[in-house]
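Participant: Let me give you the structure first, and then I'll get to my questions.
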Amino acid sequence: MSSPNTGNETLTGLVVTDSQGNILSGGSATLAVGASETLTGIHTVTQAEIDAGTAIVNTASVTDNQGVTAPRR
């Protein structure tokens, strides 16, 4: 997942949440204007997911102290 700061102020208090409960790593608590960070999540595909034959979709969101939420896929 990559999340750029396209706004006009440094974002602070960043929290990343993930719809699959994956562990995300690689982020920091602040993001400067124009900066971008890439986080990596790990999900082990289960046999039940394979048997279901459907796409595995994961959505993560980044929130900050300024009240901005940016969903990412």
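Numbering follows my numbering, with no gaps: position 28 of the sequence shown is 37. The C-beta atom is built at its ideal place from N, Cα and C for all residues, glycine as well.
1. Quick one: which unbroken alpha helix (DSSP H) runs of 4-plus residues sit fully inside the region 15-56? Chain order, please.
2. What is the rounded straight-line gap between the Cα of A41 and the Cα of E18?
3. Can you give the Cα-Cα distance for V66 and L23, rounded to whole angstroms?
4. Who are T63's beta bridge partners in DSSP?
5. How far does the beta strand (DSSP E) with T68 in it reach, from first residue to last?
Facilitator: Taking the coordinates as given:
1. none
2. The residue given as residue 41 occupies position 32 in the sequence shown. The residue given as residue 18 occupies position 9 in the sequence shown. Cα-Cα distance, rounded: 7 Å.
3. As a first step, residue 66 must be located in the sequence shown, where it is residue number 57. As a first step, residue 23 must be located in the sequence shown, where it is residue number 14. Straight across, the Cα-Cα distance linking V66 with L23 is about 23 Å.
4. By 1-based counting over the sequence shown, the position of residue 63 is 54. The partner list for T63 (beta bridge, DSSP) is empty, contrary to what the question assumes.
5. Counting from 1 along the sequence shown, the entry for residue 68 is found at position 59. From DSSP, T68 is part of no beta strand (DSSP E); its letter is neither H nor E.
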